[in-house]
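In this note's numbering, the protein residues as written are 3 to 133.
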């Protein structure tokens with residue numbers, strides 16, 4: 003996993019509290035993130051999260067949490083190692099895949115769920131740092 007999309011409480015300046023989410027996993031889940039709204043760097047609220055820059059989740063944190071819980075439940079059924087698509091070779095008609103570890107994936111999703119709970123408890127927002 004070479005790059006990540008980072009999540010943190012907006013009020014936090016502690017770099018140790020940043021959750022680094024692998025882009026391969028993020029990309030696999032991304033279409034469900036279009037179901038939430040976030041505010042992008044230009045101060046415009048849009049559907050989804052800004053892949054290339056920062057965005058802030060505020061009022062849709064509970065919905066984001068429910069989406070994450072659904073993914074956690076789905077990945078709990080996965081084998082210990084599973085593949086997610088990361089690209090496609092049009093010449094050979096083959097998909098590029100990355101193998102992910104079930105326990106690490108569940109840990110990352112659970113960490114984001116805890117971050118959502120903390121943001122709700124503290125009346126904070128979640129900042130998502132795109133690539």
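Where is the CB? At the ideal position from N, CA and C, for every residue including glycine.
By the neighbour-count criterion, in which a residue is buried when 16 or more other Cβ atoms sit within 10 angstroms of its Cβ, residue 91 is exposed. By alpha-carbon distance to residue 96, the top candidate from 87, 36 and 104 is 87. Straight across, the Cα-Cα distance linking residue 58 with residue 29 is about 18 Å. Within the same chain, Cβ atoms closer than 8 Å to the Cβ of residue 47 are found at 39, 40 and 41, the five residues on either side in sequence being excluded. Within its own chain, the residues whose Cβ lies closer than 8 Å to the Cβ of residue 103, once the five positions on either side in sequence are excluded, are 82 and 83, listed in chain order. Contact check for residue 12 and residue 94: beta-carbon distance about 44 Å, past the 8 Å limit, so the pair fails to qualify. The residue among 112, 64, 44 and 45 with its C-alpha nearest the C-alpha of residue 77 is 112.
Restricting attention to 54, 25, 23 and 62, the CA atom closest to the CA of residue 44 is found in 54. Here residue 40 carries a strand assignment [DSSP, helix/strand/coil]. With distances taken between CA atoms, residue 117 lies nearest to 19 out of 72, 19, 34 and 107. Proximity to residue 123 across 61, 131 and 89 peaks at 61, based on C-alpha coordinates.
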